[in-house]
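Down below is the structure, laid out as structure tokens.
Numbering (my numbering), first residue to last: -1 to 91.
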């Protein structure tokens, strides 16, 4: 993977035990390690369309994490969830 075509790194999905009800991944680039979880919870509604609540959390460490700052890092989950929702919406026929 690359970040803005500047930094190269790795993205690994971790064993299921690291994300109890979803997906866990580890991103490593020079100066930054990010542990992320995506938790999925089916919601029960009396509707014809199944609904799933998705929660995304991240923990960033390293010199780049300090440079990025807590505020900017706090925006990452929302941006990723928005991209996921857009992808899923475009996949609907």
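Idealized CB from N, CA, C, for every residue including glycine.
These figures come from a predicted structure and were not determined experimentally.
- Rounded to whole angstroms, residue 38 and residue 56 show a C-alpha spacing of 15 Å.
- Between residue 67 and residue 29 a beta carbon distance of about 14 Å is seen, past the 8 Å cut, so the two are scored as non-contacting.
- Scanning the segment 7 to 81 from its first residue to its last, the whole alpha helix (DSSP H) runs of 4-plus residues come out as 61 to 66.
- Rounded to the nearest whole angstrom, the CA to CA distance from residue 49 to residue 42 is 7 Å.
- Sequence-distant partners of residue 21 (beyond 5 residues in either direction) whose C-beta falls short of 6 Å from its own C-beta, in its chain, are 36.
- The residues 25, 56 and 58, in chain order, have a CB closer than 6 Å to that of residue 32 in the same chain once the five nearest residues on each side in sequence are set aside.
- For residue 34, the closest alpha carbon among the candidates 40, 65 and 11 is that of 11.
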